[in-house]
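So the sequences go chain by chain: A and B. Residue numbering for the first sequence follows the numbering used here, starting at 695 and increasing by one per position. Residue numbering for the second sequence follows the numbering used here, starting at 695 and increasing by one per position. For glycine and all other residues, C-beta sits at the position ideal for the given N, C-alpha and C. In what follows, a single structure is set out as structure tokens and then discussed.
2 protein chains.
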Amino acid sequence: MALTIKVSEEAFTPRQQAVLTAALDLLVENGDGLTMTAVARRASCSKETLYKWFGDREGLLTATVQWQAAKVRMPQVDRTTLSAKKLRESVEQFARDLLTTIEGDISVTLNRIAVTHAASDKDRLGEIVLENGPLAIRRRLKPILEAGREARLLRFDNSEDAYRTFFGLVVRDVQIRLLLGDKTLKQTDIDVEAKAATNQFFALYGTD
Amino acid sequence: MALTIKVSEEAFTPRQQAVLTAALDLLVENGDGLTMTAVARRASCSKETLYKWFGDREGLLTATVQWQAAKVRMPQVDRTTLSAKKLRESVEQFARDLLTTIEGDISVTLNRIAVTHAASDKDRLGEIVLENGPLAIRRRLKPILEAGREARLLRFDNSEDAYRTFFGLVVRDVQIRLLLGDKTLKQTDIDVEAKAATNQFFALYGTD
DNA sequence: GGAGAACCGTACGTTACGGTACGGCAAGGC
DNA sequence: GCCTTGCCGTACCGTAACGTACGGTTCTCC
Numbered sequence: 695m696a697l698t699i700k701v702s703e704e705a706f707t708p709r710q711q712a713v714l715t716a717a718l719d720l721l722v723e724n725g726d727g728l729t730m731t732a733v734a735r736r737a738s739c740s741k742e743t744l745y746k747w748f749g750d751r752e753g754l755l756t757a758t759v760q761w762q763a764a765k766v767r768m769p770q771v772d773r774t775t776l777s778a779k780k781l782r783e784s785v786e787q788f789a790r791d792l793l794t795t796i797e798g799d800i801s802v803t804l805n806r807i808a809v810t811h812a813a814s815d816k817d818r819l820g821e822i823v824l825e826n827g828p829l830a831i832r833r834r835l836k837p838i839l840e841a842g843r844e845a846r847l848l849r850f851d852n853s854e855d856a857y858r859t860f861f862g863l864v865v866r867d868v869q870i871r872l873l874l875g876d877k878t879l880k881q882t883d884i885d886v887e888a889k890a891a892t893n894q895f896f897a898l899y900g901t902d
Numbered sequence: 695m696a697l698t699i700k701v702s703e704e705a706f707t708p709r710q711q712a713v714l715t716a717a718l719d720l721l722v723e724n725g726d727g728l729t730m731t732a733v734a735r736r737a738s739c740s741k742e743t744l745y746k747w748f749g750d751r752e753g754l755l756t757a758t759v760q761w762q763a764a765k766v767r768m769p770q771v772d773r774t775t776l777s778a779k780k781l782r783e784s785v786e787q788f789a790r791d792l793l794t795t796i797e798g799d800i801s802v803t804l805n806r807i808a809v810t811h812a813a814s815d816k817d818r819l820g821e822i823v824l825e826n827g828p829l830a831i832r833r834r835l836k837p838i839l840e841a842g843r844e845a846r847l848l849r850f851d852n853s854e855d856a857y858r859t860f861f862g863l864v865v866r867d868v869q870i871r872l873l874l875g876d877k878t879l880k881q882t883d884i885d886v887e888a889k890a891a892t893n894q895f896f897a898l899y900g901t902d
């Protein structure tokens with residue numbers, strides 16, 4: 695993996711995090727059109743400090759996205775006791791968390807920024823969000839699915855396909871419509887959606 | 695529907711379409727960072743003409759997106775003869791067309807532009823792509839699904855849910871990963887994917 | 001063939017924003 | 001008590017791109 699993720703050890707100082715929070719707020723409000731002057735004003739700091747800490751505008755953006763994206767932590771599901779009921783609960787919980795994340799303002803904003811910048815290969819924002827979004831989901835879900843297969847609770851040839859089907863069943867057209875600014879998407883009941891997706895997933899891959 | 699779609703009657707002249715083609719090419723190449731000067735040079739026209747025809751930069755962008763998005767035409771599937779085999783073929787064909795469109799450079803570009811602009815409510819690019827993308831798919835697929843239900847070939851309470859599940863099964867994480875610039879996504883065999891999604895869809899909603 | 005319109009190419013004005021420089025102030029060490 | 005460090009606020013510079021203006025050229029219509 696060529697991408698280097700800023701780990702928590704080399705974290706930002708509280709003051710720096712305040713600046714990043716200001717930047718993130720502006721991103722959520724105005725999208726990518728935030729200016730360095732606006733960030734400085736919002737964070738009550740000087741532009742000189744901004745450039746000293748983050749190098750340039752792209753550095754500030756990258757730091758903000760990285761810092762925020764790394765916060766998305768899917769709960770690690772317990773693998774030790776793997777009854778059919780436990781597995782189903784784990785999968786359903788995963789679906790709930792995924793939907794909750796994806797429908798949040800911050801996720802929408804970060805994905806918008808990343809998609810915007812993915813067009814020009816100048817920076818790595820696309821990679822960062824990709825790494826902390828879909829690919830992180832895959833990394834966390836696959837072990838669960840494979841444990842389910844070993845326990846003869848799930849049946850599939852390819853765990854990659856199983857994961858991607860799960861993703862599709864849960865997310866459906868929600869994410870792209872939110873990214874495109876759809877306001878007709880009625881407020882969904884995440885519990886209901888997660889349950890339905892889980893049922894469909896087990897209908898396709900369950901062994902009972 | 696507050697959105698006005700430019701209909702084919704008030705189409706663009708061939709020269710104007712050449713300009714829009716140039717703009718689209720630049721969009722595919724450079725993303726949203728295209729300049730009016732670059733478009734003028736590529737299309738061998740003057741900036742004055744650009745502004746005369748399209749008003750301003752946003753007008754040019756809107757015209758390009760609208761003109762191109764309207765070209766996405768899913769084949770209208772025949773509803774008259776509705777055997778089980780015919781229905782399955784129609785659905786599978788739909789899946790194939792959907793994947794083909796979504797994986798194309800132009801779709802990725804238009805969706806990127808639209809996502810970028812959906813953040814600020816200044817223009818309607820998000821709405822336009824939404825209207826010609828996910829919502830158009832829904833409009834075209836729903837009648838097919840409902841015909842299948844009337845023929846007792848499909849079973850579902852809510853055609854909206856059935857459509858969205860179909861979308862999820864077909865698209866999965868492909869679109870978001872492409873939008874984020876994922877290059878690890880191996881070139882998929884659209885035929886295979888479409889068949890698999892169709893099988894899964896019928897496993898969930900078929901009556902046999 | 002001449003008048004007018006449409007349009008190309010280019011040069012110009014304007015603005016906005018990224019990035020830098022500088023004066024002032026508060027805090028901590030000697 | 002003074003000096004250094006770090007930071008705030010503001011003023012400033014350079015560039016890039018939007019939008020406009022204008023001379024020259026081709027096409028059309030009479």
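Rounded to whole angstroms, what's the CA-CA distance from Phe748 of chain A to Arg833 of chain A? Just pull it up for me. The residue labelled residue 748 of chain A in the question sits at position 54 within the first sequence. The residue labelled residue 833 of chain A in the question sits at position 139 within the first sequence. Looking at the two C-alpha atoms, the distance is approximately 30 angstroms.
Beta-carbon within less than 7 angstroms of Ala696 of chain A's beta-carbon, same chain only, minus the 5 sequence neighbours each way: which residues are those? Here residue 696 of chain A corresponds to residue number 2 of the first sequence, with the count starting at 1. At Ala696 of chain A, the pLDDT of 40 sits below 50, so the modelled position is not reliable; the number obtained from the coordinates is stated separately. Around Ala696 of chain A: no qualifying Cβ.
How many Å lie between Glu821 of chain A and Ala845 of chain B at the Cα? In the first sequence, counting from the first residue as 1, residue 821 of chain A sits at position 127. In the second sequence, counting from the first residue as 1, residue 845 of chain B sits at position 151. Each residue's Cα considered, the two are about 47 angstroms apart.
Assign Leu848 of chain B to one of three DSSP states: helix, strand, or coil. The sequence position of residue 848 of chain B within the second sequence is 154, counting from 1. In this structure, Leu848 of chain B counts as strand in the three-state DSSP scheme.
When you compare only the Cα positions, how much space is there between Leu792 of chain B and Thr901 of chain A? Locating residue 792 of chain B in the second sequence gives position 98, counting from the first residue. Locating residue 901 of chain A in the first sequence gives position 207, counting from the first residue. If I take the Cα positions, the gap works out to 31 angstroms.
Leu824 of chain B: beta carbon under 6 angstroms from a heavy atom of the ligand ADP? The ligand ADP is not among the ligands present in this structure, which contains no ligands whatsoever.
For a contact meaning CB atoms closer than 9 angstroms, what does Thr901 of chain B contact in chain A? On the second sequence, residue 901 of chain B is found 207 positions in, with the first residue counted as 1. Under the 9 angstroms cutoff, chain A gives no residues; its nearest Cβ is about 14 angstroms from Thr901 of chain B.
Nearest-angstrom Cα distance between Asp885 of chain A and Pro837 of chain A? One-based indexing of the first sequence puts residue 885 of chain A at position 191. One-based indexing of the first sequence puts residue 837 of chain A at position 143. Approximately 23 angstroms between the Cα atoms of the pair.
Given that Val759 of chain A touches chain B, what residues does it touch there, using C-beta distances under 8 angstroms? Counted from its first residue, the first sequence places residue 759 of chain A at position 65. Going along chain B, no residue has its Cβ under 8 angstroms from Val759 of chain A, so there is no contact; the nearest lies around 12 angstroms.
How long is the line joining the alpha carbons of Gln711 of chain B and Leu721 of chain B, rounded to whole angstroms? Position 17 of the second sequence, counting from 1, holds the residue named residue 711 of chain B. Position 27 of the second sequence, counting from 1, holds the residue named residue 721 of chain B. Cα to Cα, Gln711 of chain B sits roughly 15 angstroms from Leu721 of chain B.
Interface residues of the region 701-729 of chain A facing chain B [CB-CB below 7 angstroms]: Taking 7 angstroms as the Cβ-Cβ cut-off against chain B, the residues of the region 701-729 of chain A that qualify are Asn724, Gly725, Asp726 and Gly727.
Step through the CB atoms of chain A and report whether any lies within less than 7 angstroms of the CB of Gln762 of chain B. To locate residue 762 of chain B, count along the second sequence from 1; it is residue 68. Cβ-Cβ to chain A under 7 angstroms: no for Gln762 of chain B.
C-alpha gap between Phe896 of chain B and Phe706 of chain A, whole angstroms: Here residue 896 of chain B refers to the residue found at position 202 of the second sequence. Here residue 706 of chain A refers to the residue found at position 12 of the first sequence. Rounded to the nearest angstrom, the two C-alpha atoms are 51 angstroms apart.
At a Cβ cut of 7 angstroms, what residues of the region 871-896 of chain B count as close to chain A, listed as they run along the chain? Arg871, Leu873, Leu874, Gly875, Asp876 and Gln894
Strictly under 7 angstroms for the Cβ-Cβ distance: is Phe788 of chain A near chain B by that measure? For this step, residue 788 of chain A is matched to residue 94 along the first sequence. Chain B contact via Cβ: absent.
Any beta carbon of chain B sitting closer than 7 angstroms to that of Asp817 of chain A? Here residue 817 of chain A corresponds to residue number 123 of the first sequence, with the count starting at 1. Taking Cβ atoms only, chain B never reaches closer than 7 angstroms to Asp817 of chain A, which makes this a no.
DSSP state of Gly798 of chain A, grouped into three classes? As a working mapping, residue 798 of chain A is identified with position 104 in the first sequence. Three-state DSSP puts Gly798 of chain A in coil, outside helix and strand.
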